[in-house]
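Numbering-wise (this note's numbering), the sequence shown opens with residue 6 and increments by one.
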Amino acid sequence: MLCLELLKEVNAIKKTSGRSSTIGVKYISHLLEIQDRERAPPSVQIAAAHGALDRLIPSHSSSFEFRIISKEQHCGGESCFIITSHPSFSGRGTPEILISGVTGVELLAGLHWYLKHWCGAHISWDKTGGIQLSSVPKSGSLPCVQEAGILVQRPIPWHYYQNAVTSSYTFAWWDWERWEKEIDWMALQGINLPLAFTGQEAIWQKVFQNFNISSSDLNDFFGGPAFLAWSRMGNLHGWGGPLPQSWLDQQLILQKKILARMYEFGMTPVLPAFSGNVPAALKSIFPSARITRLGNWFTVGGDARWCCTFLLDATDPLFVEIGKAFVQQQLKEYGRTSHVYNCDTFDENTPPIDDPGYISSLGAAIFRGMQSGDGDAVWLMQGWLFSYDPFWRPPQMKALLHSVPVGRLVVLDLFAEVKPIWSTTEQFYGIPYIWKRSSATSDPSSSTTKQTSKVDLGGVSNIVEPNQWGRGSCVVGYYDGEDSLNLKGDGGMVRLWEVTKERQVKQSKVATLAAMEMERE
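Shown next as structure tokens:
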């Protein structure tokens with residue numbers, strides 16, 4: 006059990022280095038409280054952690070005991086895990102190591118931490134080293150942890166993972182066996198905020214049926230599996246389709262398994278939302294609907310069959326109706342939500358009008374659609390558009406970012422290790438954000454990337470920027486930049502207290518383990 010003196014030290018440091026008051030703090034904190042209340046029971050999370058342990062290293066299934074603990078009582082009010090030698094260890098077949106954590110994710114992050122730093126194990130994707138456990142001693146002879154153990158804390162709530170396009174570059178080809186392995190890997194890396202985009206076309210079928218749009222109408226709307234990401238974001242339509250109904254149904258079944266496992270671990274899966282992108286058929290069914298055709302995106306050569314998607318005007322009553330219906334249909338299918346939704350209206354698409362009033366009305370309508378379906382909704386938006394398109398000058402950025410009630414919008418600062426937007430926009434003009442590394446568009450071996458990462462992620466990592474609510478990695482395609490993810494797996498937990506007999510509070514390390522590993526390269 007964590008000693009009282011250590012908990013006092015944790016709280017003392019929080020007072021001197023904690024988050025300052027910002028406009029988004031109140032509601033994000035409220036959302037975190039809701040998610041804590043709605044999280045799976047401790048017994049479910051512990052069972053899920055044991056399941057992952059059995060899949061990872063079945064020979065040691067009895068070597069570890071997992072316990073869910075209160076972050077207020079044990080972690081100084083923030084998520085953490087604690088690793089100790091088991092007080093009741095009596096020989097092979099009984100637990101040797103006790104791992105306590107706030108959620109199932111913290112339990113598995115603690116397991117990974119122990120295997121990595123006490124046993125020299127390596128856990129990564131198959132083509133970047135895979136799972137290397139040969140260095141782990143036999144059950145019954147695992148290395149001991151110093152008497153009082155260690156506490157590893159997560160001072161910012163979210164560790165984000167994925168990119169909206171990963172679903173097409175990689176995930177479209179996966180079955181449940183592969184997804185199960187990936188979700189285990191996420192939890193072992195401490196990831197608690199993953200995208201969950203699989204199967205949404207089957208949801209859209211049911212939603213659009215209520216607006217008299219047929220499945221055949223949607224054949225020209227949905228892209229093929231390798232292009233779904235860009236049809237979802239309104240870059241193209243129909244390219245690579247149509248999608249067989251059997252595939253759509255199978256993807257929805259798969260999504261339900263994915264979400265169930267993520268919830269069992271205590272994760273916060275991010276569901277999709279309505280961005281305004283609509284099928285062409287909507288115009289003929291609702292002739293008075295205000296619909297704009299956007300310009301040509303890259304690869305489809307200006308062919309009207311594939312390019313120039315249709316955007317429903319934010320002032321049209323159908324906008325909020327469709328947005329609400331989509332969220333509600335997901336709740337009906339999945340039975341629950343974690344209240345965080347992602348959509349991107351202008352991903353590499355320039356808005357048709359640069360009037361800040363137009364942009365503000367669109368952002369407000371997107372959020373109203375979410376909120377009408379889920380009163381606790383928070384919009385998680387990719388910030389790639391601000392880096393990619395010079396259209397987004399300060400007036401346009403502020404119009405979009407401030408179109409949503411404070412605390413109800415969180416921005417993903419993609420490409421932040423090379424071109425951070427937070428540092429040039431007064432931290433997104435006061436809007437909560439998540440620092441992300443874009444592994445596809447930067448070379449992790451470059452000195453520029455390393456130096457930027459040290460400054461923004463590692464070197465002074467106990468100093469969390471006031472509006473920063475998470476960190477993560479924007480993996481565009483699988484096997485792309487996993488080395489950096491291995492670093493960030495520890496980087497999500499950035500405060501480490503080690504306790505020994507001689508000195509209960511031995512040290513507080515302000516540098517992340519990720520930063521230290523970068524320094525050694």
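By construction, the Cβ of each residue, glycine as well, lies at the ideal position given by its N, Cα and C atoms.
ask   = Is the CB of D321 under 8 Å away from at least one CB in chain C?
value = Of the chains in the structure shown, none is chain C; there is only one protein chain.
ask   = Exposed or buried, which one is L257 when buried takes at least 16 other CB atoms within 10 Å?
value = As a first step, residue 257 must be located in the sequence shown, where it is residue number 252. Classification of L257: buried, given that the 10 Å Cβ count is 16 or more.
inquiry  = Checking the sheet assignment: what are the DSSP bridge partners for G135?
reply    = Residue numbering aside, residue 135 sits at position 130 when the sequence shown is read from its first letter. DSSP lists no partner for G135.
task = Please say whether A286 and K233 have beta carbons closer to each other than 8 Å?
result = Here residue 233 refers to the residue found at position 228 when the sequence shown is read from its first residue. Here residue 286 refers to the residue found at position 281 when the sequence shown is read from its first residue. The amino acid occupying residue 233 in the given sequence is Leu; Lys does not appear at that position. No; because the gap between Cβ atoms is not below 8 Å, this pair is not in contact.
DSSP bridge partner residues for V345 (one or two, in chain order) = Taking the first residue of the sequence shown as 1, we reach residue 345 at position 340. The partner list for V345 (beta bridge, DSSP) reads V383.
request  = Please name the residue or residues paired with E77 in a DSSP beta bridge.
outcome  = What you label residue 77 is simply residue 72 of the sequence shown in a count that begins at 1. The partner list for E77 (beta bridge, DSSP) is empty, contrary to what the question assumes.
query = Less than 8 Å separating the beta-carbons of W181 and W244?
reply = For this step, residue 181 is matched to residue 176 along the sequence shown. For this step, residue 244 is matched to residue 239 along the sequence shown. Not closer than 8 Å, so no.
query = So, using beta-carbon positions, are I296 and F216 closer together than 8 Å?
reply = The residue you call residue 296 lines up with position 291 of the sequence shown. The residue you call residue 216 lines up with position 211 of the sequence shown. Going by C-beta atoms, I296 is not nearer than 8 Å to F216.
ask   = Leaving out five residues before and five after E101 in sequence, what residues of the same chain have Cβ atoms less than 6 Å from its Cβ?
value = Here residue 101 is taken as the residue at index 96 of the sequence shown, counted from 1. The answer, listed in chain order, is S68, H91, F94, L147.
request  = Might you give, ordered along the chain, the residues of its own chain that have their beta carbon closer than 8 Å to the beta carbon of Q432, omitting 5 neighbours on each side?
outcome  = For the purposes of this step, residue 432 is taken as residue 427 along the sequence shown, with counting starting at 1. Contacts found: Y438, E470, P471, N472, Q473.
inquiry  = Taking DSSP's pairing of strands, which residues face Q528 in a bridge?
reply    = Since the first residue shown for the chain is 6 and the last is 526, residue 528 is missing from the structure and cannot be characterised.
inquiry  = In this structure, how does DSSP classify F396 when only helix, strand and coil are distinguished?
reply    = Here residue 396 refers to the residue found at position 391 of the sequence shown. Looking at F396 - three-state DSSP - the assignment turns out to be coil, as it is neither helix nor strand.
key: Closest residue to R237 among R373, N168, P47 (Cα-Cα distance)   = Position 232 of the sequence shown holds residue 237. Ranking the options by Cα distance to R237, first place goes to N168.
query = For the beta strand (DSSP E) that contains H164, what are its first and last residues?
reply = Here residue 164 refers to the residue found at position 159 when the sequence shown is read from its first residue. That run of the beta strand (DSSP E) goes 163-166.
query = What is the DSSP secondary structure of H127, counted as helix, strand or coil?
reply = Along the sequence shown, one-based indexing puts residue 127 at 122. If DSSP states are grouped into helix, strand and coil, H127 belongs with the strands.
ask   = Do S48 and I74 have their C-beta atoms closer together than 8 Å?
value = Locating residue 48 in the sequence shown gives position 43, where the first residue counts as 1. Locating residue 74 in the sequence shown gives position 69, where the first residue counts as 1. Cβ atoms of S48 and I74: not closer than 8 Å.
Contacts around T89, its chain only, beta-carbon distance under 6 Å, and the 5 residues preceding and following it disregarded = In the sequence shown, counting from the first residue as 1, residue 89 sits at position 84. Cβ neighbours of T89 beyond the five flanking positions: L103, V150, G154.
task = Name the one or two DSSP bridge partners that T89 has.
result = On the sequence shown, position 84 is the one that residue 89 refers to. Partner(s): L103.
ask   = Any contact of the region 374-384 with the region 326-340, i.e. 3+ C-beta pairs under 8 Å?
value = yes
message = For the beta strand (DSSP E) containing D418, name the first residue and the last one.
response = For the purposes of this step, residue 418 is taken as residue 413 along the sequence shown, with counting starting at 1. Here the beta strand (DSSP E) through D418 covers 414-418.
task = With a 10 Å radius around its C-beta and 16 neighbouring C-beta atoms as the bar for buried, classify I62 as buried or exposed.
result = The sequence position of residue 62 within the sequence shown is 57, counting from 1. Buried: at least 16 other Cβ atoms inside 10 Å.
key: For V283, the three-state DSSP class (helix, strand or coil)   = Within the sequence shown, numbered from 1, the residue matching residue 283 stands at position 278. In this structure, V283 counts as strand in the three-state DSSP scheme.
inquiry  = Which residues does DSSP list as the beta-bridge partners of P277?
reply    = The residue given as residue 277 occupies position 272 in the sequence shown. In DSSP, P277 forms a bridge with N347.
request  = Rounded to whole angstroms, what's the CA-CA distance from W559 to S365? Just pull it up for me.
outcome  = In the structure as shown, the chain begins at 6 and stops at 526. Residue 559 is therefore absent and cannot be evaluated.
request  = Would you mind working out which of P199, L405, D222, E77 sits nearest Q210, comparing C-alpha positions?
outcome  = For the purposes of this step, residue 210 is taken as the residue at position 205 of the sequence shown. Measuring from the Cα of Q210, the nearest candidate turns out to be D222.
inquiry  = Quick test of your reading: C527 and V107, contact by CB under 8 Å. State the CB separation rounded to the nearest angstrom.
reply    = Given that the chain is displayed from residue 6 to residue 526, the structure contains no residue 527 and the question cannot be resolved.
query = In whole angstroms, what separates the C-alpha of D352 from that of Q260?
reply = In the sequence shown, counting from the first residue as 1, residue 352 sits at position 347. In the sequence shown, counting from the first residue as 1, residue 260 sits at position 255. Between the alpha carbons of D352 and Q260 lies a gap of roughly 24 Å.
For I87 and V157, the rounded distance between their alpha carbons = Reading the sequence shown from its first residue, position 152 is the one you call residue 157. Reading the sequence shown from its first residue, position 82 is the one you call residue 87. Computed Cα separation, rounded: 6 Å.
inquiry  = What does DSSP give as the partner residue(s) for S84 in the beta ladder?
reply    = Working through the sequence shown from its first residue, we reach residue 84 at position 79. R159, per the DSSP bridge assignment.
query = Applying the criterion that 16 or more other CB atoms from any shown protein chain within 10 Å of the CB defines a buried residue, is E3 buried or exposed?
reply = There is no way to answer for residue 3, as the model of the chain reaches only from 6 to 526.
ask   = Using the C-alpha atoms, what's the distance from P322 back to G281?
value = Taking the first residue of the sequence shown as 1, we reach residue 281 at position 276. Taking the first residue of the sequence shown as 1, we reach residue 322 at position 317. Each residue's Cα considered, the two are about 12 Å apart.
task = Within the same chain, show all residues whose beta-carbon is closer than 7 Å to that of L385, passing over the 5 residues directly before and after it, in chain order.
result = By one-based count along the sequence shown, residue 385 stands at place 380. Once the five neighbours on either side are set aside, the close Cβ partners of L385 are V275, V345, Y346, N347, V415, L417.
key: Proximity of P162 and G475 at Cβ, strictly below 8 Å   = For the purposes of this step, residue 162 is taken as residue 157 along the sequence shown, with counting starting at 1. For the purposes of this step, residue 475 is taken as residue 470 along the sequence shown, with counting starting at 1. Yes, they are a contact pair.
inquiry  = Taking 8 Å as the threshold (C-beta atoms), are K441 and G477 in contact?
reply    = Taking the sequence shown and counting its residues from 1, one reaches residue 477 at position 472. Taking the sequence shown and counting its residues from 1, one reaches residue 441 at position 436. Contact flag set, yes.
query = Mind checking whether Q78 and F270 have CB atoms under 8 Å apart?
reply = Locating residue 78 in the sequence shown gives position 73, counting from the first residue. Locating residue 270 in the sequence shown gives position 265, counting from the first residue. No, Cβ-Cβ distance for Q78 and F270 is not below 8 Å.
query = Taking just the CA atoms, how far does K143 sit from V411?
reply = The residue you call residue 411 lines up with position 406 of the sequence shown. The residue you call residue 143 lines up with position 138 of the sequence shown. Cα to Cα, V411 sits roughly 52 Å from K143.
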